[in-house]
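Visitor:
Chains as they are written, first to last, in the numbering used here: chain A, 13 to 322; chain B, 677 to 1015.
1. Just to confirm, does residue 853 of chain B get its C-beta within under 7 Å of one of the non-hydrogen atoms of the ligand ATP?
2. Checking the sheet assignment: what are the DSSP bridge partners for residue 278 of chain A?
3. Run the CB neighbour count on residue 845 of chain B, radius 10 Å, all protein chains shown included, and call it buried at 16 or more, exposed below.
4. Considering only residues of the same chain and omitting the five flanking positions on each side of residue 849 of chain B, which have a CB-CB separation below 6 Å?
5. Please state the DSSP three-state secondary structure of residue 888 of chain B.
6. Report the three-state DSSP secondary structure of residue 25 of chain A (helix, strand or coil).
7. Residue 892 of chain B: which of B:920, B:907 and B:904 sits nearest, CA to CA?
8. Return no unless some Cβ of chain B is closer than 8 Å to the Cβ of residue 48 of chain A.
9. Using three-state DSSP, classify residue 762 of chain B as helix, strand or coil.
10. Let me see if you follow: with CB-CB separation under 8 Å, is residue 914 of chain B close to chain A or not?
11. With distances taken Cα to Cα, identify the nearest neighbour of residue 896 of chain B among B:878, B:885 and B:918.
12. Just to check my reading of the structure: residue 278 of chain A and residue 79 of chain A have Cβ atoms closer than 8 Å, yes? What is that Cβ distance to the nearest angstrom?
13. Quick check: the Cα distance between residue 289 of chain A and residue 109 of chain A, rounded to an integer number of angstroms?
14. Taking Cβ-Cβ distances shorter than 9 Å, what residues in chain B pair up with residue 61 of chain A?
15. If you check the beta carbons only, do residue 887 of chain B and residue 927 of chain B fall under 8 Å apart?
16. DSSP state of residue 804 of chain B, grouped into three classes?
17. Taking 8 Å as the threshold (C-beta atoms), are residue 160 of chain A and residue 106 of chain A in contact?
18. Just the Cα atoms here: how many angstroms apart are residue 131 of chain A and residue 58 of chain A?
19. Measure from the C-beta of residue 724 of chain B to each C-beta in chain A and report whether the shortest distance is under 8 Å.
20. Roughly how many whole angstroms lie between the Cα atoms of residue 712 of chain B and residue 740 of chain B?
21. Determine the chain A residues that contact residue 1013 of chain B at a beta-carbon separation under 7 Å, and present them in chain order.
22. Over the uninterrupted beta strand (DSSP E) stretch that includes residue 814 of chain B, give me the two end residues.
23. Listed from N- to C-terminal order along the chain, which residues in the region 929-948 of chain B have their beta-carbon within a distance smaller than 9 Å of any beta-carbon of chain A?
24. Anything in chain B within Cβ reach of residue 172 of chain A, meaning under 8 Å, just list it in chain order.
25. Pull up the distance between the alpha-carbon of residue 722 of chain B and that of residue 730 of chain B, whole angstroms please.
26. Report back the beta-carbon spacing between residue 981 of chain B and residue 955 of chain B to the nearest angstrom; my notes put them in contact at under 8 Å.
27. Going by DSSP, what residues sit across from residue 1062 of chain B in a beta bridge?
28. Ends of the alpha helix (DSSP H) at residue 174 of chain A?
29. Is any beta-carbon of chain A found at less than 8 Å from that of residue 770 of chain B?
30. At a Cβ cut of 7 Å, what residues of the region 801-827 of chain B count as close to chain A, listed as they run along the chain?
31. Applying the criterion that 16 or more other CB atoms from any shown protein chain within 10 Å of the CB defines a buried residue, is residue 1004 of chain B buried or exposed?
32. I think residue 924 of chain B touches residue 912 of chain B, with their Cβ atoms under 8 Å apart; what is that distance to the nearest whole Å?
33. Can you look up residue 745 of chain B in the DSSP assignment and give me helix, strand or coil?
34. Looking at residue 211 of chain A and residue 276 of chain A, is the spacing between their C-beta atoms short of 8 Å?
35. Looking at the secondary structure, which residues open and close the alpha helix (DSSP H) in which residue 1006 of chain B lies?
36. Tell me residue 38 of chain A's beta-bridge partners as DSSP assigns them.
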């Protein structure tokens, strides 16, 4: 874990492993196990939805499942039976095509019934291919046109703070969205307005529609960019539960205390948890044959239970 | 020019060229009654009664009269910097939390630069986001970078969006609280600075979504919006001297359009003329034309509008004369039509 704190004096302290810090700050085994189980179920839901649809952004969902599990299972304040509860924290999915993963997380959170997931992408479903607030309970914004989420998040964070709300705003975005100038307009605005109630989480899977990110439009050095925009910046293995939990704990404590927006840069692996897909040539829209879905589920379960993958 | 006095009678071979004025030239005629910053004051008044109203701008507070609001309610004003995508994305976010944002910039930047954000973040979820666009149509001599000659053409296709093209300070003062009270997104074609006060002489009140007949007339009917209603009224007076009797219908709400009122006036033997401070493409003329065709009326409509061109830079009076928005050009056009 590369925690970069700008002027924070912590950087001169002896190097600690993330596990040390986790133990110290309360990233307990129980928390890790709870989130790991949630992430497993989110991945399982995503594979089922992908199979029903015969396609879908399954690779991204598997890669981002740990981030989604952490935020929904550990961080977000919400009422499953009342998605519009005024005091809820807001989770904004900027990347509309990650909806398959988000729906799985909403099912895990009890906001959307698990049985409804099989309608994903079907006519008249509340779960369209690209996430939209007007369709789905718990979906705060309509994503899809990339680079919007963080601008809306800035307004929400301003509005909540102005109205005296203690609610936090989380914006999930992808490294591809770092191509969009509006993301950086929002990054400046959040810092200018000292939005400590705003946390951005960036899924860095190094892949976008036309290929690998470093061949499409080089976004690195990503950490230094966010730091120089004044954000409390952490970069973690986005498929490591302990690192994710620690990063969110740090963000909550430090960013809010100093009124600084916080970003958690999460390096993730497309297809994570399913070796068949992890090893497949990476593509924005991954092809999975009809007979492979069951293999995917078996590999996922075997990996989660610690058995050798078949 | 006033420096000729000491030299005796001026000897000029040609009329002096007018100069492009400051960014926002007033289009008030000399000696005309005006109100200062009517939008800013109206927003303050509305905000005193509705604590959900907040204001934002993208580095153009002083140029959109938003500075009046910012001074009155500093804690309810958010400066977003020269970042229009952020401006309108954040306005949508503020509206998502139950607030009623008014977000100002120039019309060109709202319509051309931030369209995607307005469309998907404000209009699709039908949020109460109020866009305030300065320099609509031909209200600056700075050239195409600042002249929003096609803003209505761009915005009319956006579902859920209400579009208001006010004539004067009365329209603006009365429209602001109604825009705040209407649920969905709105776009106000802002007139700022010293704005003419015209409609007080016509027993007029602004009603969102309604066209109003300001005066009757037997020979010609003008259908107008925005500052062209002021010109329409002036042209009607001038045409009276030519024994031409002109009715004027003011339709400040472009969308949703009050087709019933307008069609009742158009569907007569009178010459029908639309007048707008906008391109002939996609604005009031085409709004009226589509209403006429949809109703099955075989009625000719004559447009007074800006041409489908990128316009020149220059002094506003020069440009209004050049592109046909001046009273003189309107009168000449009507007389030519009447033969």
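Ideal placement from N, C-alpha and C gives every residue a C-beta, glycine not left out.
These numbers were taken from a predicted model, which means no experiment stands behind them.
Guide: Per the coordinate set shown:
1. In the structure shown, the ligand ATP is absent, as is every other ligand, since no ligand is present at all.
2. Start at 1 with the first residue of the first chain, and residue 278 of chain A comes out as number 266. Beta-bridge pairing links residue 278 of chain A to A:215 and A:248.
3. Looking up residue 845 of chain B in the second chain gives position 169. Residue 845 of chain B should be labelled buried.
4. Position 173 of the second chain holds residue 849 of chain B. Closer than 6 Å at the Cβ level, and outside the excluded window around residue 849 of chain B, lie 714 and 718.
5. Taking the second chain and counting its residues from 1, one reaches residue 888 of chain B at position 212. Looking at residue 888 of chain B - three-state DSSP - the assignment turns out to be strand.
6. Numbered from 1 along the first chain, position 13 holds the residue referred to as residue 25 of chain A. Legend: pLDDT at residue 25 of chain A = 39, less than 50; position of this residue unreliable, no value from coordinates given.
7. Here residue 892 of chain B refers to the residue found at position 216 when the second chain is read from its first residue. Residue B:920 is the option with its Cα nearest to residue 892 of chain B.
8. As a working note, residue 48 of chain A is residue 36 in the first chain. Output row for residue 48 of chain A: interface = no.
9. What you label residue 762 of chain B is simply residue 86 of the second chain in a count that begins at 1. Note: residue 762 of chain B maps to helix in three-state DSSP.
10. Looking up residue 914 of chain B in the second chain gives position 238. Chain A, which has no Cβ nearer than 8 Å to the Cβ of residue 914 of chain B, makes this no.
11. Counting from one through the second chain, the residue named residue 896 of chain B turns up at place 220. It is B:918 whose Cα lies nearest to the Cα of residue 896 of chain B.
12. Start at 1 with the first residue of the first chain, and residue 278 of chain A comes out as number 266. Start at 1 with the first residue of the first chain, and residue 79 of chain A comes out as number 67. Correct: roughly 5 Å between the Cβ atoms.
13. Position 277 of the first chain holds residue 289 of chain A. Position 97 of the first chain holds residue 109 of chain A. Going by the C-alpha atoms only, they are around 18 Å apart.
14. For the purposes of this step, residue 61 of chain A is taken as the residue at position 49 of the first chain. Neighbours of residue 61 of chain A on chain B: none; closest Cβ ~24 Å, over 9 Å.
15. As a position in the second chain, residue 887 of chain B is number 211, starting the count at 1. As a position in the second chain, residue 927 of chain B is number 251, starting the count at 1. Yes, these two residues count as a Cβ contact at 8 Å.
16. As a position in the second chain, residue 804 of chain B is number 128, starting the count at 1. DSSP places residue 804 of chain B in coil when its eight states are reduced to three.
17. Position 94 of the first chain, counted from the start, is the residue given in the question as residue 106 of chain A. Position 148 of the first chain, counted from the start, is the residue given in the question as residue 160 of chain A. It is a contact, given that the beta carbons lie within the stated cut-off.
18. One-based indexing of the first chain puts residue 131 of chain A at position 119. One-based indexing of the first chain puts residue 58 of chain A at position 46. Each residue's alpha carbon lies about 12 Å from the other.
19. In the second chain, the residue the question calls residue 724 of chain B occupies position 48. It does not: the Cβ of residue 724 of chain B has no partner Cβ on chain A nearer than 8 Å.
20. Within the second chain, residue 712 of chain B is the residue found at index 36, counting from 1. Within the second chain, residue 740 of chain B is the residue found at index 64, counting from 1. So the alpha carbons of these two residues sit roughly 12 Å apart.
21. Stepping through the second chain from its first residue, residue 1013 of chain B is reached at position 337. By Cβ distance, chain A contributes nothing, its closest Cβ being about 46 Å from residue 1013 of chain B, past 7 Å.
22. Your numbering for residue 814 of chain B matches position 138 in the second chain. Run containing residue 814 of chain B: none; DSSP gives neither H nor E here.
23. none
24. Here residue 172 of chain A corresponds to residue number 160 of the first chain, with the count starting at 1. In chain order: 773.
25. Walking along the second chain from the start, residue 722 of chain B turns up at place 46. Walking along the second chain from the start, residue 730 of chain B turns up at place 54. Those two C-alpha atoms are separated by around 10 Å.
26. Walking along the second chain from the start, residue 981 of chain B turns up at place 305. Walking along the second chain from the start, residue 955 of chain B turns up at place 279. Rounded, the Cβ-Cβ distance is 6 Å, consistent with contact.
27. Because chain B here runs from 677 to 1015, residue 1062 of chain B falls outside it and cannot be looked at.
28. Locating residue 174 of chain A in the first chain gives position 162, counting from the first residue. Unbroken alpha helix (DSSP H) run through residue 174 of chain A: 161-174.
29. Here residue 770 of chain B corresponds to residue number 94 of the second chain, with the count starting at 1. Yes, residue 770 of chain B lies at the interface with chain A (some Cβ there is under 8 Å from its Cβ).
30. 801
31. Within the second chain, the letter at position 328 stands for residue 1004 of chain B. With fewer than 16 Cβ atoms within 10 Å of its Cβ, residue 1004 of chain B is classed as exposed.
32. One-based indexing of the second chain puts residue 924 of chain B at position 248. One-based indexing of the second chain puts residue 912 of chain B at position 236. Their Cβ separation, rounded to whole angstroms, is 6 Å, which keeps residue 924 of chain B and residue 912 of chain B in contact under 8 Å.
33. As a first step, residue 745 of chain B must be located in the second chain, where it is residue number 69. It is helical.
34. In the first chain, counting from the first residue as 1, residue 276 of chain A sits at position 264. In the first chain, counting from the first residue as 1, residue 211 of chain A sits at position 199. Going by C-beta atoms, residue 276 of chain A is nearer than 8 Å to residue 211 of chain A.
35. Taking the first residue of the second chain as 1, we reach residue 1006 of chain B at position 330. Its alpha helix (DSSP H) spans residues 1003-1014.
36. Along the first chain, one-based indexing puts residue 38 of chain A at 26. Partner(s): none; residue 38 of chain A has no beta bridge.
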